[in-house]
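In what follows, a structure is listed as structure tokens, so that the remarks can point back to it.
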Amino acid sequence: MKYRGEIDGLRALAVVPVILFHAGLPTFSGGFIGVDVFFVISGYLISTIIINELDAGNFSILRFYERRARRILPALFTVMLVSVPFAWFWLMPRDLEGFADSMVAVTFFVSNFLFWLESGYFETTAELKPLLHTWSLAVEEQYYIFFPLLMMLFNPLGKRVVFYSLVVLFAISFAVSQWGIYNSPSATFFLLPARGWELLLGVFAAMYLRKKPGRPRDLKADLLSGTGLLLITVPIFLYDETTPFPGAYALPPAVGTALIILFARSGTLANQILGTKPLVWIGLVSYSAYLWHQPVFAFYKHRFGTPSFDQNVLWLIALSILLAVISFRLVERPFRRTASLRKLCLSMATCFLLIAGATTAFLTAVHEDFRSIPSFKWALENATPEMVSFIEREDVKIECATTEDDIGLEYCPFGAAGKEPTIVLWGDSLAGAMLYGVDQFARENGLSGMVYISDGCPPVLGLRNTALATCTEETHATVLERILALGTIDTVLITGNLWNTAGNRGAQIDGQQATKELIRPKFDLAAAALRQSGAQVVYIEQGPVFKIPVVEHEIQGLRNGHTTPQTIPRTRYLEPAHITRDLADAFDLYIETTDFYCNDTVCPSVDDSGNMIIYDRNHLTKNYSLRFAKMIFPLLDLTD
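For the sequence shown, this note's numbering gives the first residue as 2, with consecutive numbering after it.
Here is the structure:
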């Protein structure tokens, strides 16, 4: 296959925006589209090799997989093994367990499934996962498994059959992608069925060039390749995490990449730009740069905190590039070009055993002996007992014994024993965080109630969270039926993370994206039914959401000698408040919580005495759960 320097320049145009996006530079808010550029390039290069060898009659599936192993595994396993000591010494137990899980998933090229099930790509905590970026490698490797087999199956039937079969697969994949961004956005982002069309676009480019090799430069080639550059670069600056992606929004960078592959011929402006030595050089080390940057960024944030990261981000980018150059010269290139198959197999087997050993050690430590983990030992000696309790997974909410897993519901009584329930607490995990205080206050005042909690599923009738299989249209309809069946309830307390639900692509009501306009009639319906049963309906406003889990931020501060807690400006906290305040008249009482969480200017994560108010990003600590209950109950006039 003839070398094309502009393809390496195109790789640079892919990897640099990804790195700058992960670095948190706001100008490059759409830098994640670099992955889509990689997908199209990969589809083009791999299919070119396969098509050429099939036409020559010398294609070998084993030789193909050997080439993929030489290209992918040595540098990947090197990054994973170098990450191991940093994970052991710097990660807290929960993060260490997550890292161990990701090591297993990466090794078997299923990390895209793991990260899909854990959370979304754009979640704030996702940036702290050292191996998050390997999801795209998993997508490519899964593609490499199936595509050669399909080509071997269809090729004997003729090129037209091959082409139209791939067109059908392309159409199906694109339709899945477009449907999925509104119905299952997280799965759509991470999984091959919704990404395969981008790789197939590269295949079509390879087929076209096979049939019509590139001609000398002409005006058409200049215009089309220049358009390709624009289609790639513009989304880097216009897209952000709110862009429904991939779907149709992935077409510009994907089509732009295909146009460059097809028309950036020698002499065109696009060829001259992408063929410059700096871009070609970056392109040559782009795979290693892609591998190294996320672990460098994530481990630094774990150890030194996000504020320090923001101050040193340019140095960390430079470190990532330096590691990429070293990795390229000492690992990637030697294994690809000169290492014997025997050496490759022995080296990869050794790496596999080392990774398996590290993973086993990490999981054993997490589940059997927290105190052997260096970061936890440090926390025991230096952090407050409250911080240590959260690290040890002492949950702030009471664990209900009764659960219905198919609809993600847990429920149980709270308060004074032996009395009929008169209060209901109904909500998502925010209600779960309130439960400790509500239970304590109810016990002290002779009150009894029931709690119904569905994590990740705010209490709206008919709501479906497409990222959470247990949050279905039936979840809260079931809760309402249970409340009405009790027959003794005079007060229903409702709370949930509605500020994040309204406008969230993963939240749907009656098949449409959830909005406050769709939420309103559902609240009216629930409130009317509850009032008819004799209950007053109270909505409790949610609290602030912090960028970094508070306990992690506080421990980082202790480690690094700074004790500045996270704060959120009061005005920013109030920006989304209209979502529920505009619905306030649907309830008998709407409790605003701004003054509980905030002073005149900011909403702190830690109070003046050093007590955490929130323990993760948005859930109350036990201490503040009780204070919160003492603020709420007098407003309800239940203690007389």
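For glycine and all other residues, C-beta sits at the position ideal for the given N, C-alpha and C.
Item	Value
Straight-line gap, S376 to F90 (C-alpha atoms, nearest Å)	6 Å
I420 to A432 span [Cα, whole Å]	It should be pointed out that residue 420 corresponds to Lys in this sequence rather than to Ile. The straight-line gap from Cα to Cα measures roughly 22 Å.
One or two residues paired with Y598 in a DSSP bridge	Answer is none; Y598 lacks a bridge partner.
Three-state secondary structure (DSSP) of F123	Unreliable positioning characterises F123 in this predicted model, as indicated by a pLDDT of 45, which lies under 50. A coordinate reading is not provided.
Proximal residues to P459 (C-beta, below 6 Å), its chain only, five neighbours per side dropped	D429, G497, N498, L499, T502
Stretch-stretch touch, CB-based, cutoff 8 Å, three pairs: the segment 99 to 111 with the segment 352 to 368	yes
Same chain only: Cβ atoms within 8 Å of L381, ignoring 5 sequence neighbours per side	R372, V389
For A325, the nearest candidate out of Y291, A350, Y301, I408 (CA to CA)	Y291
I356 - partner residues in DSSP beta bridges	The partner list for I356 (beta bridge, DSSP) is empty, contrary to what the question assumes.
Euclidean distance between Cα positions of S95 and L132	The question names Ser, yet the displayed sequence has Arg at residue 95. Their Cα atoms are separated by approximately 15 Å.
Entirely enclosed alpha helix (DSSP H) segments - the segment 48 to 136, minimum 4 residues	62 to 91, 94 to 108, 112 to 119
Spatial distance of A508 from C346 (CA atoms)	46 Å
8 Å Cβ cutoff met for A630 and V439	yes
In DSSP terms, what I569 is bridged to	C604
Local Cβ density within 10 Å of H477, reported as buried at 16 or more and exposed below that	buried
Bridge partner(s) assigned by DSSP for E411	T404, I454
Minimum length 4: unbroken alpha helix (DSSP H) runs contained in the segment 522 to 592	551 to 561, 571 to 575, 579 to 582
Alpha-carbon to alpha-carbon, F191 and V256	20 Å
Span of the beta strand (DSSP E), counted from its first residue to its last, around I424	424 to 428
A176, buried or exposed, once every other Cβ within 10 Å from all chains shown has been counted against 16	exposed
Residue from G6, W198, L462 whose Cα sits closest to the Cα of A528	L462
Endpoints, the beta strand (DSSP E) within which L494 is located	492 to 496
Touch test, the segment 66 to 73 against the segment 164 to 171, Cβ-Cβ under 8 Å, three pairs minimum	no
First through last residue of the beta strand (DSSP E) which encompasses R465	464 to 466
Cutoff 8 Å; reference A271; Cβ partners in own chain excluding five residues on either side	E7, D223, S226, G227, G229, L230, I261, F264, A265
Close beta carbons around T258, own chain, < 6 Å, minus the five adjacent residues each side	V38, V41
Residues near D617 in its chain [Cβ-Cβ closer than 6 Å; skip 5 each side]	P550
Residues near E553 in its chain [Cβ-Cβ closer than 6 Å; skip 5 each side]	none
A299 burial status per 10 Å Cβ neighbour count (16 or more: buried)	buried
L621 - partner residues in DSSP beta bridges	I615
Closer than 7 Å: F87 CB and nearest the ligand ZN heavy atom	What this structure holds is no ligand at all, so the ligand ZN is not there to describe.
contact_flag[the segment 44 to 59, the segment 143 to 153] where n(CB pairs < 8 Å) is 3 or more	yes
Per DSSP, the bridge partner or partners of S449	G416
Limits of the unbroken beta strand (DSSP E) element including A508	508 to 510
Sequence-distant residues of its chain with Cβ nearer than 7 Å to N466 (five each side left out)	G457, C458, C472, G507, A508
4 or more residues per run - each alpha helix (DSSP H) lying fully within the segment 295 to 334	307 to 312, 314 to 328
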